[in-house]
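> Residues in the sequence shown are numbered from 43 upward in steps of one, following this note's numbering.
One structure coming up, written as structure tokens, with questions to follow.
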Amino acid sequence: MLFYVDAQSLKDTGMSVVKDGDFKPVYILNGRHGLANDGFNLHTIGGQELGEIRQKTVGIFPRYDLYVARQRVGSIKKMAGVWREFIFVSDLNWMIIGNLLANQYHIYHGVKSITTIAEAGTASNTVFKLEIDDPNNVAAGLLIAAILDRWRQVHNANPLVRHDNVGMSFGM
């Protein structure tokens, strides 16, 4: 099954309509951004809550708890990788391997592929496409994709913005 999420809309308004492979709305993904208490909720178009992902710790590598059908199913913590990003989803035993800057990820359970996440090739590169084979993994996959995109946005600073260090003196 294919799903499309408008990441720019999620960032700007805190809400995005998730569309299926035929571009029909199927889910609503909403959440909030901040230094602490980041989180996202996933609902059906009819309003039924399917799951949520909530930030539990702050720091360089924050931890998020993943809930599906109001049951905690896993915990996500980002780890530093040399060439690629490595993220482990405990309890589900999923390993996420990908490229934070290119927004391309593969989620594996052992050697079995669970989900692939990639940019959909739009001009603005704000839409990403998820391919999820098992319907039981849809809620978890969409919520994890929202957090991965959140981490990508934090690391992608605008190169056109000048960052002056106000109040810092070099003795000149």
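Glycine included, C-beta positions come from ideal geometry on N, C-alpha and C.
Bear in mind that the values here come from a model prediction, so they are computed numbers and not experimental data.
Under the rule that 16 or more other beta-carbon atoms within 10 Å means buried, what is serine 211, buried or exposed?
In the sequence shown, residue 211 corresponds to position 169, counting from 1. The predicted position of serine 211 is uncertain, since its pLDDT is 41 and thus under 50; no value can be drawn from it.
> Which residues does DSSP pair with serine 51 in a beta bridge?
As a working note, residue 51 is residue 9 in the sequence shown. Partner residues in a beta bridge of serine 51, as assigned by DSSP, do not exist.
> Applying the criterion that 16 or more other CB atoms from any shown protein chain within 10 Å of the CB defines a buried residue, is serine 58 buried or exposed?
On the sequence shown, residue 58 is found 16 positions in, with the first residue counted as 1. Per the 10 Å Cβ criterion, buried.
> Less than 8 angstroms between the C-beta atoms of threonine 168 and aspartate 48, yes or no?
Taking the first residue of the sequence shown as position 1, residue 168 is located at position 126. Taking the first residue of the sequence shown as position 1, residue 48 is located at position 6. Cβ distance < 8 angstroms, so threonine 168 and aspartate 48 count as in contact.
> Report all residues from its chain with a CB closer than 6 angstroms to the CB of methionine 43; omit the five preceding and five following residues, and keep chain order.
The residue you call residue 43 lines up with position 1 of the sequence shown. Apart from the 5 residues on each side of it in sequence, methionine 43 sits with its Cβ closer than 6 angstroms to the Cβ of Ile174 in its chain, given in chain order.
> Give me the residue from Arg74, Leu142, Tyr69, Ile70 with the minimum Cα distance to aspartate 54.
Against the sequence shown, residue 54 aligns to sequence position 12. The shortest Cα separation from aspartate 54 among Arg74, Leu142, Tyr69, Ile70 belongs to Arg74.
> Should asparagine 72 and glycine 89 be called a contact, given that it needs their Cβ atoms to be closer than 8 angstroms?
As a first step, residue 72 must be located in the sequence shown, where it is residue number 30. As a first step, residue 89 must be located in the sequence shown, where it is residue number 47. Cβ distance not < 8 angstroms, so asparagine 72 and glycine 89 don't count as in contact.
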